[in-house]
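Reading the sequence shown from the start, the letters are residues 141 to 354 in the numbering used here. Backbone N, C-alpha and C fix where the C-beta goes; we use that ideal spot for every residue, glycine too. Scroll down for the structure; my scribbles are underneath it.
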Amino acid sequence: MVKIAPSILSADFVNLERDIKRVSSADYLHVDVMDGAFVPNITIGIPVVESIRRCTNLFLDVHLMIDKPARYVEAFARAGADMLSVHLEADHPTRIAQAFKIMEDCGVKKAVALRPITKAEAILPYIQQLDMALVMTVEPGFGGQSFMESQLETIRQVRAIIDQYNPACDLEVDGGISPKTAPLVVEAGANVLVAGSAVYGADDIPAAIAALRG
Ligand code: DX5
Ligand code: ZN
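So, in structure tokens, the structure goes:
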């Protein structure tokens, strides 16, 4: 079963509670945290995640696009995140391992995220402890970009690694997901689809979520 994770990056921040309620038929709520250093954009931080937690029971899938994420894992966990994704490119391997240790201690689910340049094999040192791997299908930083078809191969490779070493691990894709690209990523092995503009740009949001599910 494919899970849909609407990204509130495309929501109206003045009406965030309304826009979160509009995606209540989804499985996860995807929250993009950007620090202006790991990516050239700044978005949502800890107090906003706390406020979001108070207005929804949806599973909070928090995508940390920040340098040295281990520094903030505990704070985001306390703010109410259910799962945290840390980018493998954001720190040295020992500090990424430390971020997972903190997640374990805090009781949040653990995910790694891969920029398009990063090879699928990069997840191997962590695969056994992961709840999810996130393959970016655009350069992280902004919503509304075009899907990178070249990432289909990375999705296939990550799927093969998951099937071999940790079949319970989810495979999420993020960037340029639409009713047109969703079947391609699902065929390649993804089972959690993030969508910002394809959900919030639609006139009928529940229908858009259903269309992405396929
Ligand atoms: C981009 C973010 C995405 C973004 C996706 O760096 O990680 O979650 O919101 O937006 P769309 O679906 O519009 O490409
Ligand atoms: Zn994201």
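Rounded straight-line distance, which links the Cα of residue j to that of residue i
i: Ala253; j: Met141; result: 21 Å
i: Arg299; j: Gly329; result: 6 Å
i: Ile301; j: Glu261; result: 8 Å
i: Gly354; j: Ser225; result: 25 Å
i: Val332; j: Cys195; result: 23 Å
i: Ala348; j: Ser147; result: 13 Å
i: Arg211; j: Glu289; result: 33 Å
i: Asp159; j: Thr277; result: 24 Å
i: Ile242; j: Asp303; result: 26 Å
i: Ile236; j: Glu229; result: 9 Å
i: Asp245; j: Asp344; result: 40 Å
i: Tyr305; j: Ala219; result: 31 Å
i: Ile263; j: Leu156; result: 34 Å
i: Thr321; j: Gln297; result: 18 Å
For residue i, the first and last residue of its enclosing alpha helix (DSSP H)
i: Ile144; result: Taken as a continuous stretch (DSSP letters only), Ile144 belongs to no alpha helix (DSSP H), being part of the beta strand (DSSP E) at 143-146.
i: Val213; result: 213-219
i: Met243; result: 233-246
i: Glu279; result: It is not in any alpha helix (DSSP H) - Glu279 carries neither H nor E in the DSSP assignment.
i: Leu324; result: 322-328
i: Asp159; result: 156-161
Cβ pair residue i, residue j closer than 8 Å
i: Ala113; j: Val213; result: For residue 113 there is no data in the structure shown, the boundaries of the chain being 141 and 354.
i: Leu169; j: Leu204; result: no
i: Asp231; j: Asp271; result: no
i: Gly256; j: Glu279; result: Per the sequence presented here, residue 256 reads as Pro, with Gly not at that position. Yes, the Cβ-Cβ distance between Pro256 and Glu279 is below 8 Å.
i: Asn181; j: Gly281; result: yes
i: Asp201; j: Asp175; result: no
i: Ala351; j: Pro319; result: yes
i: Val275; j: Val313; result: yes
i: Lys259; j: Met223; result: no
i: Ile192; j: Val171; result: yes
Nearest-angstrom beta carbon gap, residue j and residue i [assumed within contact, 8 Å]
i: Phe287; j: Gly316; result: 3 Å
i: Ala335; j: Ile144; result: 7 Å
i: Val188; j: Ala221; result: Not really, about 12 Å apart at Cβ, beyond 8 Å.
i: Ile186; j: Phe216; result: 6 Å
Beta strand (DSSP E) segment containing residue i, residue limits
i: Glu293; result: No beta strand (DSSP E) contains Glu293, which is instead part of the alpha helix (DSSP H) from 291-305.
i: Leu352; result: Counting along the chain, Leu352 falls outside any beta strand (DSSP E), though it belongs to the alpha helix (DSSP H) covering 345-353.
i: Tyr340; result: No beta strand (DSSP E) holds Tyr340; the alpha helix (DSSP H) holding it covers 337-340.
i: Ser225; result: 223-227
i: Val189; result: That residue, Val189, is in no beta strand (DSSP E); its alpha helix (DSSP H) goes 186-195.
i: Ala251; result: 249-254
i: Arg311; result: It is Leu, not Arg, that sits at residue 311 in the sequence shown. Taken as a continuous stretch (DSSP letters only), the beta strand (DSSP E) holding Leu311 covers 310-314.
i: Asp172; result: 168-174
Quick check: the stretch 333-349 against the stretch 145-153, are at least 3 beta-carbon pairs closer than 8 Å? yes
Should the stretch 261-271 be called in touch with the stretch 163-172, which here means at least 3 C-beta pairs below 8 Å? no
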